[in-house]
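Since the structure comes first, as C-alpha cells, the remarks are kept for the end.
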C-alpha cells in the first residue's frame with residue numbers, strides 16, 4: 144500500500160523548482176573618521192613670560208590645509224599667531240602663549256578652546272593655562288631732597304624685595320641738563336636693600352622742584368620709586384649785604400635778618416675775613432630764629448681799612464654765604480690814611496708839589512707811585528688779593544698780544560687770531576687798541592722809565608709800555624692844519640691815545656711825552672663843535688655824549704699832568720653835557736641820553752654814568768642834588784651777584800668812577816659787587832687766560848677782547864688809579 148502510494152505520488156507530480164541563487168551580501172563599510180586634535184599639556188607661565196606649545200592634528204587620512212583657531216582666551220593672555228595654518232603634508236603647528244605683565248597678583252587657572260578646521264570637518268581640544276601668584280619688589284618713600292647748586296648728595300632709596308631674589312635692572316629718569324642723577328651698582332640677592340643714588344646740581348641749576356624716578360621691570364611690570372628734589376640756592380641765608388662802619392675801640396652789636404625759605408632748623412653762623420683788629424662774637428641761631436646777633440669789637444690799634452667779610456651759615460651739608468662790608472673808619476674822615484702819598488716820588492714828577500696839589504686832590508695819579516701807597520689805597524678802598532691777581536693775569540695776557548711794531552690790534556684779540564672771517568668783527572684800529580692796552584699798565588704805575596717803588600717784578604713790562612708809546616708817538620700826525628697832532632682811528636681812538644700819553648708823561652716826567660700829549664690835546668680842542676660844545680666822529684661835528692665823555696677824560700688827564708685847557712672849551716663842553724640831560728622834573732641832569740634830539744634822546748644808563756662823571760670833572764660839588772639822585776640811579780643798576788656774562792662794561796667803567804669819587808657806603812657796596820663780578824667772569828685758563836669774553840657786552844663785537852679786558856682791568860684798578868676828588872688831604876713840602 145505504501146509502495147503503491149509512493150508510485151502514485153511520484154508519477155503524478157512536477158519536479159520541484161530549483162533553489163534561489165545564493166546572493167553574497169557585503170559587510171557594512173567602515174565610516175572614515177574626521178580630523179582630531181591630540182590632547183595638549185597644560186601650560187604654566189610667569190607674568191610677562193611666553194611658552195611655545197604644539198597643536199598636533201590627527202588627519203585620519205584627510206589631506207589639505209588645516210586652520211587652527213583659538214577661542215575663549217582668558218584675560219591677560221595673548222597667542223601668537225592668532226590663527227595657525229597647518230599645511231598639506233604636515234600634522235603639527237606651533238603657537239606661543241604669553242602671560243601679560245598685568246597677571247601675577249593672584250593665581251590664574253583657566254582654559255581656552257583650540258579649534259581645528261579642514262573643509263567641513265572640525266575638531267576642538269581644551270588647553271589649560273596656569274599663572275601662579277608672584278611677588279614683586281616695591282620702593283619705599285624718601286623725604287624731599289634739598290639740594291643747592293654746585294653740590295651733590297647721596298640719596299638712599301629703600302627697596303623691599305618681598306622675597307624676589309633676581310636681578311633688578313634699574314633705570315633713573317627725570318632731572319634736567321643742570322641736575323643729573325647717577326645710580327650706584329646694586330648687590331644681588333639681599334632681601335632688603337637701599338639703592339644709592341648720587342644727585343648733582345651744577346652751578347647753573349635754577350631754584351625749583353625736580354622730579355626723579357627710579358624704575359625697574361619685574362615680570363614685565365614697571366615698578367617706580369619717586370625721589371622729590373628741591374633745588375634752592377639759598378634755603379636759608381643771613382641777609383648781611385650792607386656796610387658796617389666801625390670806629391676804633393668800638394664794641395658794637397648788630398642784628399642781621401635770617402631769611403628762611405626751605406629750612407627752619409638751627410644754624411651755625413661764622414664770620415670770615417674781618418678787618419685786622421676786628422673780632423666778632425656770633426650768638427647761636429636756634430630753630431625758627433629770624434635774626435642773628437653779632438658783637439663786633441675793634442682794637443684801639445686797628446687801622447682804617449675796608450674788608451668784604453664773609454658770613455657763612457650752615458646746617459648739616461647745606462651752606463650759604465653772604466657778604467658784609469666792614470669798614471674801620473679813620474679818626475679824621477677828611478684825611479686819607481698816612482702812607483698813601485709819597486711826596487718824594489711826587490716831586491720827581493711835579494716841579495712844585497704845592498702847585499700840583501689841587502690837581503692831585505681832584506684825581507691824582509700819586510697813589511700808583513709806590514707799593515706802600517697802593518697798598519694803603521687797596522686797604523682803604525677795597526681791592527683784594529684776588530682782584531690783584533686778576534689784574535696781574537690781565538697784564539700778562541695784554542703783553543702777549545703786543546705786535547712786533549709795539550702796537551696792538553682789536554681784531555687780533557679774538558678767537559682764531561681775530562675776526563677777519565666774520566662780518567661783524569672789530570677793525571684792527573691799532574691806535575685805539577694800543578691806547579686801550581697801555582692804560583692798564585699805566586694805571587698799575589708802570590711807565591717806560593719806572594715802576595712803583597717796591598714792585599720790581601713789574602719791570603718786565605717797562606719795555607712793553609715803551610714800545611707801545613713809541614708806536615703812538617710815531618703815528619702822530621704833524622701838519623699846518625686842523626689835523627696837527629691827530630692820531631688815526633677816530634675820535635674814540637684819539638681820545639684814548641691822549642689819555643695814555645698824558646698818564647705816561649705824568650708817571651715818568653719825560654718831557655718828550657709832554658709834547659705829544661699837548662699836540663694830541665690840541666687836536667681834540669680844535670675838533671670840538673663850536674656851537675654845540677660836544678665831540679663826535681669828525682672835527683666840528685655836532686656831538687654825542689659817548690664821544691664827548693671819552694674826550695673829556697682825555698682833557699682831565701691832561702689837566703692832571705699840568706697841561707692847561709682854555710676855560711671857553713670847558714664851558715662849551717658843559718653846555719653840551721647839560722643839553723643831554725633827560726632826568727625827571729626838578730632833577731633834569733640826573734639822567735642822560737646819547738644825543739640831544741628826538742631820535743637819540745632816550746635815557747640810557749651808560750650815558751647817565753658818563754654824563755655824571757663828566758659833570759663831576761666840570762665842577763659839580765659832592766652834594767649837588769642831581770649828582771645825589773644820579774648816584775642813587777646807578778646803585779639801582781648794580782652788577783649781578785651771580786652770572787657768567789660780563790655785561791655792560793661801558794656802564795660799569797663810568798659808574799665805578801662816579802661812585803668812587805663820592806666814596807661812602809654806596810661805593811663800598813658797588814665796589815664789592817663790581818670786583819667780585821669781574822673776578823668771576825675772567826677767563827681762568829687757556830690761551831685767553833687773564834682776558835674777558837665779549838659775550839653779552841654792548842659794543843663787545845666792535846671792540847673785541849682788548850676793549851672789554853682793558854675796561855675791566857681799569858675798573859678793578861679804580862681803588863688806586865685815581866684819588867677820589869672830593870676828599871681833602873695835605874701834602875707837606877718836606878721829604879719826610
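Residue numbers (the numbering used here): 144 to 879. Even glycine gets a Cβ: it sits at the ideal position worked out from N, Cα and C. As the structure is a computational prediction, the values presented were derived from the model and not from experiment.
ask   = Do the CB positions of residue 250 and residue 215 come within less than 8 Å of each other?
value = Not in contact: residue 250 and residue 215 (Cβ atoms no closer than 8 Å).
task = Put residue 191 into one of helix, strand or coil per three-state DSSP.
result = In this structure, DSSP gives residue 191 a state outside helix and strand, which the three-state scheme calls coil.
inquiry  = Once DSSP output is grouped into helix, strand and coil, what is the label at residue 554?
reply    = For residue 554, the three-state secondary structure derived from DSSP is helix.
request  = Please determine if the segment 209-226 and the segment 163-172 are in contact, where contact requires at least 3 C-beta pairs separated by less than 8 Å.
outcome  = Result no; under three Cβ-Cβ pairs closer than 8 Å.
task = Could you check which residue in 419, 418, 855, 379 has the C-alpha nearest to that of residue 428?
result = Ranking 419, 418, 855, 379 by CA distance to the CA of residue 428 puts 379 first.
First through last residue of the beta strand (DSSP E) which encompasses residue 522 = Looking at the DSSP string, residue 522 is not in any beta strand (DSSP E); the run it does join, the alpha helix (DSSP H), is 514-524.
inquiry  = At the level of alpha carbons, what is the spacing between residue 213 and residue 364?
reply    = If I take the Cα positions, the gap works out to 26 Å.
request  = Using the DSSP secondary-structure output, state which residues sit across from residue 735 in a beta bridge.
outcome  = Answer is 724.
query = Is residue 866 helix, strand or coil by DSSP?
reply = Note: residue 866 maps to coil in three-state DSSP.
message = Closest to residue 238 by C-alpha separation, out of 248, 197, 218, 259, would be which residue?
response = With distances taken between Cα atoms, residue 238 lies closest to 197.
key: residue 783 to residue 797 span [Cα, whole Å]   = The alpha-carbon atoms of residue 783 and residue 797 are separated by roughly 17 Å.
ask   = Taking the DSSP output, what are the residues bridged to residue 713?
value = None; residue 713 has no bridge partner.
task = Could you say if the segment 670-678 and the segment 686-700 meet the contact criterion of at least three C-beta pairs nearer than 8 Å?
result = Touching, yes, given that three or more Cβ pairs across the two stretches are closer than 8 Å.
key: Straight-line Cα distance separating residue 826 from residue 536   = Between the alpha carbons of residue 536 and residue 826 lies a distance of about 9 Å.
inquiry  = Check this for me: beta carbons of residue 640 and residue 585, under 8 Å apart or not?
reply    = Going by C-beta atoms, residue 640 is not nearer than 8 Å to residue 585.
task = List the endpoints of the continuous alpha helix (DSSP H) containing residue 573.
result = 573-586 is the extent of the alpha helix (DSSP H) around residue 573.
query = In terms of DSSP beta bridges, what is residue 298 paired with?
reply = 340, per the DSSP bridge assignment.
query = Where are the alpha helix (DSSP H) runs, 4 residues long or more, that stay fully inside the segment 821-870, in chain order?
reply = Taking only runs of at least 4 residues, the alpha helix (DSSP H) segments lying wholly in the segment 821-870 are 843-859, 861-864.
Neighbourhood of residue 246 by C-beta distance below 7 Å, restricted to the same chain and skipping five residues each side = The beta carbon of residue 246 sits closer than 7 Å to those of 190, 219, 274, all from its chain and outside the five residues before and after it, given in chain order.
request  = Less than 8 Å between the CB atoms is what I'm expecting for residue 88 and residue 445, so what's the real figure, rounded?
outcome  = The shown model of the chain, from 144 to 879, leaves out residue 88, and the question about it has no answer.
key: Outcome for residue 829 when other beta-carbon atoms lying within 10 angstroms are tallied against a minimum of 16   = Exposed, because fewer than 16 other Cβ atoms sit within 10 Å of the Cβ of residue 829.
ask   = Out of 338, 358, 372, 305, which has the shortest C-alpha to C-alpha gap to residue 318?
value = Out of 338, 358, 372, 305, 372 has the C-alpha closest to the C-alpha of residue 318.
inquiry  = Suppose the cutoff is 6 Å on Cβ atoms and the five residues either side in sequence are ignored; what does the same chain contact list for residue 327 look like?
reply    = Closer than 6 Å at Cβ, skipping near neighbours: 339.
ask   = What is the C-beta distance between residue 750 and residue 760, in whole angstroms, given that I count them as a contact (C-beta under 8 Å)?
value = Not really, about 16 Å apart at Cβ, beyond 8 Å.
task = Take residue 857 as the anchor and find which of 581, 711, 655, 843 has the nearest alpha-carbon.
result = Out of 581, 711, 655, 843, 581 has the C-alpha closest to the C-alpha of residue 857.
ask   = With residue 831 and residue 816 assumed to form a contact (beta carbons below 8 Å), what rounded beta-carbon distance in angstroms separates them?
value = About 24 Å separates the beta carbon of residue 831 from that of residue 816, a gap too long to meet the 8 Å contact definition.
Per-residue burial, residue 262 [other beta carbons within 10 Å of its own, 16 or more giving buried] = Counting the other CB atoms within 10 Å of its CB gives residue 262 a total below 16, which places it among the exposed residues.
N-terminal and C-terminal residue of the beta strand (DSSP E) that residue 423 is part of = Membership of residue 423 in the beta strand (DSSP E) is indicated by the continuous run 421-425.
message = Helix, strand or coil, according to DSSP, for residue 352 in the structure here?
response = Three-state DSSP puts residue 352 in a strand.
Beta-carbon proximity check, residue 762 vs residue 719, cutoff 8 Å = No, the pair does not count as a contact, with Cβ atoms beyond the cut-off.
DSSP-derived helix/strand/coil call for residue 162 = Residue 162: coil per DSSP, three-state reduction.
ask   = If we count the other Cβ atoms within 10 Å of its Cβ and call it buried at 16 or more, is residue 271 buried or exposed?
value = Classification of residue 271: exposed, given that the 10 Å Cβ count is below 16.
query = Are there 16 or more other CB atoms within 10 angstroms of the CB of residue 680, so buried, or fewer, so exposed?
reply = Residue 680 is exposed by the Cβ-count criterion.
request  = Might you give, ordered along the chain, the residues of its own chain that have their beta carbon closer than 6 Å to the beta carbon of residue 650, omitting 5 neighbours on each side?
outcome  = Taken in chain order, the residues that qualify are 590.
key: residue 774 - DSSP class collapsed to helix/strand/coil   = Reduced to three states, the DSSP call for residue 774 is helix.
inquiry  = Within the continuous beta strand (DSSP E) that includes residue 370, where are the two ends?
reply    = For residue 370, the enclosing beta strand (DSSP E) has its first and last residue at 364-374.
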